[in-house]
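Going by our numbering, the sequence shown opens with residue 22, and the numbers climb by one from there. Note that the Cβ used here is the ideal one computed from N, Cα and C, for glycine as well.
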Amino acid sequence: MRSTTGWQSLDPTGNTLTRVTFERRDLRPDDIAVRIDYCGVCHSDLHRIHGMLGEKDLVPGHEATGVVVATGPAVTGFAVGERVAIGTIVDSCGECAMCLAGQENYCYHRPTTTYGGTDRIDGTPTMGAYSREYVLREKFAFHLPDGLDPAAAAPLMCAGVSVWEPLRAAGAGPGSRVAVAGLGGLGHLAVKLAAALGAEVTVLSRTAAKEQDALSLGAAELLVTTDEAQVAAARAASTSSSTPSRPTTSSRRSSACSASTGPCASSETPCWPARGSGSSEPAARSSPPPAREGCGRPWRCWSSAPSTASRRTSRSCPPARSKPP
Ligand SMILES: [Zn+2]
Ligand SMILES: [Zn+2]
Numbered sequence: 022m023r024s025t026t027g028w029q030s031l032d033p034t035g036n037t038l039t040r041v042t043f044e045r046r047d048l049r050p051d052d053i054a055v056r057i058d059y060c061g062v063c064h065s066d067l068h069r070i071h072g073m074l075g076e077k078d079l080v081p082g083h084e085a086t087g088v089v090v091a092t093g094p095a096v097t098g099f100a101v102g103e104r105v106a107i108g109t110i111v112d113s114c115g116e117c118a119m120c121l122a123g124q125e126n127y128c129y130h131r132p133t134t135t136y137g138g139t140d141r142i143d144g145t146p147t148m149g150a151y152s153r154e155y156v157l158r159e160k161f162a163f164h165l166p167d168g169l170d171p172a173a174a175a176p177l178m179c180a181g182v183s184v185w186e187p188l189r190a191a192g193a194g195p196g197s198r199v200a201v202a203g204l205g206g207l208g209h210l211a212v213k214l215a216a217a218l219g220a221e222v223t224v225l226s227r228t229a230a231k232e233q234d235a236l237s238l239g240a241a242e243l244l245v246t247t248d249e250a251q252v253a254a255a256r257a258a259s260t261s262s263s264t265p266s267r268p269t270t271s272s273r274r275s276s277a278c279s280a281s282t283g284p285c286a287s288s289e290t291p292c293w294p295a296r297g298s299g300s301s302e303p304a305a306r307s308s309p310p311p312a313r314e315g316c317g318r319p320w321r322c323w324s325s326a327p328s329t330a331s332r333r334t335s336r337s338c339p340p341a342r343s344k345p346p
């Protein structure tokens, strides 16, 4: 076993974490060991150390960056000394339709979370990245590109991907307008990412207090949602606009095309494995999986990403499922 140190929640009534020494597993053939240098503080860390899911003795942390310090004999994608990033999941079944589609976060058999999960092989609880060292399968580690500040990049592994995926699924880019509700931890990343994609960004906030922050992050404007005149003016401008339909929240709807075999060739058309296609479990997802050939399962396509509401009401769409924290 590999001894390491971490910060553990031993008192669910408080915010205090205790420095502890604990054991990581010895490396399996496809494992890497990572020296954790930085880890973001996700709000779900707070929820869970306060017992939201009834857990005890958590070592939180699932937004980490670090350096590979050891590799198992079957590891091919990483070498000692390389910079890596670790996100919210560290394993999955690898066999279900979602895993085969590269959407392990929607694994039908639940992905193994970076902390508070259960290791699929030895059954031990997973301990998070508020620790000196983490051990995981290489498949679930990511190369951290040169030039990215490892401290600033760490929050991209949960907060960042949480807003990046819907932006990409909705096709945000030049010519589109994006509204971001709340300039919080995820919201400020959504503003930066949407602006970087070329979209026109409006921040929705209850007061104007964060207007300068919103503008400095790349938003075009801030709309005060408690100001009825501003909301009415925005609605009027939206309904009178002659601009072609854009992937705003209100305009997204599912317009399913007929089922086909294999994902659509067009990268602009998201594809989902259709319900009941080789599995009795729901095929819920929020963005297109990478194009693959030869799977033989029917796929359902939308001209744009369905909104949560339409997923819940459309007969052809499965109910929304919660994603891993
Ligand atoms: Zn998180
Ligand atoms: Zn799976």
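### Query
Rounded to a whole number of angstroms, what is the C-alpha to C-alpha distance between Gly-192 and Gly-181?
On the sequence shown, residue 192 is found 171 positions in, with the first residue counted as 1. On the sequence shown, residue 181 is found 160 positions in, with the first residue counted as 1. Those two C-alpha atoms are separated by around 16 Å.
### Query
Who are Glu-221's beta bridge partners in DSSP?
On the sequence shown, residue 221 is found 200 positions in, with the first residue counted as 1. Paired residues: Arg-198.
### Task
Flag Glu-84 as yes when its Cβ comes closer than 7 Å to any non-hydrogen atom of ligand 1, and as no otherwise.
Residue 84 sits at position 63 when you count from the first residue of the sequence shown. Checking every heavy atom of ligand 1 against the Cβ of Glu-84, one is found closer than 7 Å.
#### Entry: Spatial neighbours of Ala-258 in its chain, beta-carbon cut-off 6 Å, leaving aside the 5 residues before and after
Position 237 of the sequence shown, counted from the start, is the residue given in the question as residue 258. Excluding positions up to five away in sequence, the list is empty.
### Task
Could you work out which residue in Arg-227, Val-41, Arg-153, Leu-238 is closest to Thr-247 when comparing CA atoms only?
Indexing the sequence shown from 1 puts residue 247 at position 226. Considering only alpha carbons, the answer is Arg-227.
### Task
For the beta strand (DSSP E) containing Asp-234, list its first residue and its last residue.
Taking the first residue of the sequence shown as 1, we reach residue 234 at position 213. Run containing Asp-234: none in the beta strand (DSSP E); it sits in the alpha helix (DSSP H), 232 to 238.
### Message
Our contact map puts Glu-221 next to Ala-241 with C-beta atoms below 8 Å; I'd like the distance itself, whole angstroms only.
### Response
Counting from 1 along the sequence shown, the entry for residue 221 is found at position 200. Counting from 1 along the sequence shown, the entry for residue 241 is found at position 220. The pair is a contact, with the Cβ atoms about 5 Å apart (cut-off 8 Å).
### Query
With a Cβ-Cβ cutoff of 8 Å, do Tyr-151 and Cys-60 count as a contact?
Reading the sequence shown from its first residue, position 130 is the one you call residue 151. Reading the sequence shown from its first residue, position 39 is the one you call residue 60. Cβ distance < 8 Å, so Tyr-151 and Cys-60 count as in contact.
### Message
Can you confirm whether the stretch 97 to 106 touches the stretch 157 to 169 when touching is taken to mean that 3 or more C-beta pairs between the two stretches lie within less than 8 Å?
### Response
yes
### Message
So, with DSSP's three-state summary, where would you put Arg-274?
### Response
Here residue 274 refers to the residue found at position 253 when the sequence shown is read from its first residue. No answer about Arg-274 holds up, because its pLDDT of 29 lies below 50 and its placement is not dependable.
### Query
Is Glu-125 near Ile-53, with beta carbons less than 8 Å apart?
Your numbering for residue 125 matches position 104 in the sequence shown. Your numbering for residue 53 matches position 32 in the sequence shown. Cβ atoms of Glu-125 and Ile-53: not closer than 8 Å.
### Three-way DSSP call (helix, strand, coil) for Ile-142 in this model
The count along the sequence shown starts at 1 and reaches residue 142 at position 121. Ile-142 falls in the coil class under three-state DSSP.
### Task
Take the Cβ of Lys-77 as the centre, count every other Cβ of all protein chains shown within 10 Å, and call the residue buried at 16 or more, exposed below.
Looking up residue 77 in the sequence shown gives position 56. Counting Cβ neighbours within 10 Å, Lys-77 comes out exposed, since fewer than 16 surround it.
### Three-state secondary structure assigned by DSSP to Tyr-59
Here residue 59 refers to the residue found at position 38 when the sequence shown is read from its first residue. It is a strand residue.
### Task
Report buried or exposed for Leu-39, applying the criterion of at least 16 other Cβ atoms within 10 angstroms of its Cβ.
Position 18 of the sequence shown, counted from the start, is the residue given in the question as residue 39. Per the sequence shown, the amino acid found at residue 39 is Thr instead of Leu. Label assigned to Thr-39: exposed.
### Message
ligand 1 and Cys-60: does the residue's C-beta get closer than 7 Å to at least one heavy atom of that ligand?
### Response
By 1-based counting over the sequence shown, the position of residue 60 is 39. Checking the Cβ of Cys-60 against ligand 1 gives no.
### Task
Look up Ala-229 in the DSSP assignment and say whether it is helix, strand or coil.
Here residue 229 corresponds to residue number 208 of the sequence shown, with the count starting at 1. Coil at Ala-229, not helix or strand.
### Task
Express the C-alpha separation of Tyr-127 and Asp-112 in angstroms, rounding to a whole number.
Along the sequence shown, read from residue 1 onward, the residue named residue 112 stands at position 91. Along the sequence shown, read from residue 1 onward, the residue named residue 127 stands at position 106. Taking the straight line from one Cα to the other gives about 12 Å.
#### Entry: Range covered by the beta strand (DSSP E) that runs through His-164
Counting from one through the sequence shown, the residue named residue 164 turns up at place 143. Run containing His-164: 162 to 164, per the beta strand (DSSP E) assignment.
### Query
Out of Ala-190, Leu-67, Val-184, which has the shortest C-alpha to C-alpha gap to Val-201?
As a first step, residue 201 is located in the sequence shown; it is residue number 180 there, counting from the start. For the residues Ala-190, Leu-67, Val-184, the minimum Cα distance to Val-201 belongs to Val-184.
### Message
Between Thr-109 and ligand 1, is there a pair consisting of the residue's CB and a ligand heavy atom that are separated by less than 7 Å?
### Response
The residue you call residue 109 lines up with position 88 of the sequence shown. Yes.
### Task
Return the CA-CA distance between Leu-225 and Pro-132, expressed in angstroms with no decimal places.
Taking the sequence shown and counting its residues from 1, the one referred to as residue 225 is at position 204. Taking the sequence shown and counting its residues from 1, the one referred to as residue 132 is at position 111. Approximately 33 Å, taken between the alpha carbons.
#### Entry: Inter-residue spacing [alpha-carbon to alpha-carbon] between Leu-169 and Ser-261
Start at 1 with the first residue of the sequence shown, and residue 169 comes out as number 148. Start at 1 with the first residue of the sequence shown, and residue 261 comes out as number 240. Rounded to the nearest angstrom, the two C-alpha atoms are 42 Å apart.
### Message
Am I right that Leu-79 and Ser-30 are in contact with their C-beta atoms under 8 Å? What's the rounded C-beta distance?
### Response
By one-based count along the sequence shown, residue 79 stands at place 58. By one-based count along the sequence shown, residue 30 stands at place 9. About 5 Å; that satisfies the 8 Å criterion.
### Query
Sorted by chain position, which residues of the same chain lie with C-beta nearer than 7 Å to Arg-267's C-beta, five sequence neighbours on each side aside?
Mapped onto the sequence shown, residue 267 falls at position 246. Because the pLDDT at Arg-267 is just 41, under 50, the model does not fix this residue reliably, and the value given afterwards should be weighed accordingly. Cβ neighbours of Arg-267 beyond the five flanking positions: Gly-196, Ser-197, Arg-198.
### Task
Say yes only if the C-beta of His-130 is nearer than 7 Å to one or more non-hydrogen atoms of ligand 2, and no if none qualify.
Reading the sequence shown from its first residue, position 109 is the one you call residue 130. Flag set: Cβ of His-130 near ligand 2.
### Message
Using DSSP's beta-bridge definition, name the partner residues of Gly-87.
### Response
For the purposes of this step, residue 87 is taken as residue 66 along the sequence shown, with counting starting at 1. Note: Gly-87 sits in a beta bridge opposite Ile-57, Val-105.
### Query
Would Met-22 be called buried (16 or more neighbouring beta carbons within 10 Å of its own) or exposed?
Here the question's residue 22 lines up with position 1 in the sequence shown. So Met-22 counts as exposed.
#### Entry: Cutoff 8 Å; reference Gly-72; Cβ partners in own chain excluding five residues on either side
Locating residue 72 in the sequence shown gives position 51, where the first residue counts as 1. The answer, listed in chain order, is Pro-33.
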